[in-house]
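Below is one structure, written out as structure tokens; comments come after it.
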Amino acid sequence: MYRAFLVDKDIIKNDIHFSEGCTSCHKGNPKAWDRKIAHKGLVSRPSKSLSTCETCHEDVVKKFKNSLHFTTAGQREGVKGRFSAQELKVFDNKVFEASCRSCHASCGDCHVSSPPIGGVKMGLIKGHRFVKRDEGKTCGLCHGGRVYPEFTGEYGGSADIHYQKGMICVDCHKKNELHGDGVLYKSMKEIKDRPRCINCHKIGENDSEKAMEAHMMHKDTLSCYACHSSSPYRNCYNCHLGKGAESKPGFFLGVNPRDKKTFTTLRLIPTVRKTFKSAGIEMEHYDRLPNYWDTAPHNIRKRTDRTRSCDACHKERRDYLTSDIIIKDGSKANVEIIFKKNK
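The numbering of the sequence shown is my numbering, which starts it at 398 and goes up by one.
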């Protein structure tokens with residue numbers, strides 16, 4: 398019964414997950430010799446029901462149930478401000494549960510088999526072994542639209558200096574963040590202990606005189622990415638429900654819409670006025686939110702055009718989001734985050 402290429406005897410002997418037999422997770426009939434009978438009631442992705450893993454990993458699953466990886470609440474939180482109360486109900490039923498929620502991660506999607514992305518599956522991570530971490534087949538698959546390609550340099554430009562130094566995702570994003578801490582957050586912005594540059598890079602430590610002056614002058618008004626993001630990153634345009642979006646490289650500096658006192662890198666979020674029209678949602682309050690949001694590009698370098706010369710920002714005004722380049726027919730709220738020359 399173990400001749401299939403998916404599972405071999407060595408795995409069964411050495412991995413405690415197999416101690417109770419395949420049917421402890423996959424169900425089916427272990428006594429049947431006929432394939433159809435044996436596979437009757439088979440559960441192909443057991444961890445889609447968290448209760449499967451909860452049997453042995455109760456503490457982890459209890460927290461994970463409320464994690465952003467599982468609830469995908471951040472997707473809902475990011476767009477709901479554009480809807481009327483009635484439109485939000487339609488979105489929850491027709492879009493969020495039917496589409497957005499399909500991206501939520503189960504335990505097996507990170508530790509056994511790659512999750513289906515856009516209906517495409519990459520199969521088992523390592524021959525049905527339960528892996529503790531394999532960022533290329535877990536983090537990279539779900540976050541391969543922008544974060545991972547920026548981090549590795551595959552999207553263009555320079556790879557992140559942390560990646561070049563041999564660091565991987567979990568060196569910054571720890572287990573408690575990935576599994577959740579049990580709190581039901583609406584978005585990652587609510588997480589107080591999420592990774593921050595200054596956790597490792599304290600102002601003043603190993604700084605040259607020039608760097609010290611720049612860091613002290615800008616520490617309350619600029620994000621680290623505003624100076625240390627090294628190259629254009631992915632921005633999405635013209636997103637429509639069921640039709641996808643077009644992506645283009647870009648680099649924008651502007652006012653942080655979540656904190657109007659700071660200047661940071663901005664990313665164009667793919668929500669045009671007709672994004673959800675096919676679901677009957679006109680987005681009554683579309684203009685309440687901007688189309689550009691603060692972002693943390695994962696393409697950090699110590700030296701960039703902006704760290705080499707103050708003129709890049711203070712004289713040339715390079716890469717600033719201005720009224721000349723914002724998207725056409727965008728939200729009226731965009732004017733609140735564009736660079737204004739009198740500032």
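All C-beta atoms, glycine included, are put in the ideal place defined by N, C-alpha and C.
| Query | Result |
| --- | --- |
| Helix, strand or coil at D721 [DSSP, three-state] | coil |
| Cα-Cα separation, I434 to S511 | 27 Å |
| Residues that F649 bridges to, as DSSP identifies them | L663 |
| Proximity of F736 and Y689 at Cβ, strictly below 8 Å | no |
| Which residues DSSP lists as bridging G741, in chain order | What is shown of the chain runs 398 to 740, which leaves residue 741 out entirely. |
| Sufficient close CB pairs (3 or more, under 8 Å) joining the stretch 700-712 to the stretch 491-511 | no |
| Between the CA atoms of G524 and T823 - distance to the nearest angstrom | The chain is shown from 398 up to 740; residue 823 falls before or after that span and cannot be answered. |
| Residue nearest to H414 in terms of C-alpha spacing, selected from Q561, L485, F488 and K529 | K529 |
| Inter-residue Cα distance where the pair is E551 and Y634 | 20 Å |
| Cα-Cα separation, I734 to M614 | 21 Å |
| When K437, K459, L465 and T420 are compared against P443, the one with the closest alpha-carbon | T420 |
| Check whether G727 and S675 have beta carbons under 8 Å apart | no |
| E547, buried or exposed, once every other Cβ within 10 Å from all chains shown has been counted against 16 | buried |
| DSSP state of N632 mapped onto helix, strand, coil | strand |
| Counterpart residues of W690 in DSSP-defined beta bridges | R664 |
| Distance, R543 Cα to D412 Cα | 34 Å |
| K424 versus F527: straight-line alpha-carbon distance, rounded | 18 Å |
| Whole-angstrom distance between L665 and C710, CA atom to CA atom | 20 Å |
| CA-to-CA distance, E494 to Q742, given in whole angstroms | For the chain, the structure presents residues 398 to 740; residue 742 sits outside this window and is missing. |
| Span of the alpha helix (DSSP H), counted from its first residue to its last, around K607 | E606 to H615 |
| DSSP-derived helix/strand/coil call for L619 | strand |
| Through-space distance from K645 to S627, alpha-carbon basis | 16 Å |
| According to DSSP, residues forming a beta bridge with L521 | S510 |
| Alpha-carbon to alpha-carbon, T452 and E417 | 12 Å |
| Segment contact, 8 Å Cβ cut-off, at least three pairs: the stretch 677-693 with the stretch 652-666 | yes |
| Beta bridge counterpart(s) of I697 as assigned by DSSP | S626 |
| Endpoints, alpha helix (DSSP H) assigned at L485 | A482 to V487 |
| Where I600 falls, given that 16 or more other Cβ within 10 Å makes a residue buried | exposed |
| Burial state of M585, where buried means 16 or more other Cβ atoms lie within 10 Å | exposed |
| Same chain, Cβ closer than 7 Å to T672, five either side skipped, listed in chain order | C636, H637 and L638 |
| Exposed unless 16 or more other CB atoms sit within 10 angstroms - verdict on L581 | exposed |
| Distance, C539 Cα to Y622 Cα | 23 Å |
| Coarse secondary structure for K657, derived from DSSP in three states | strand |
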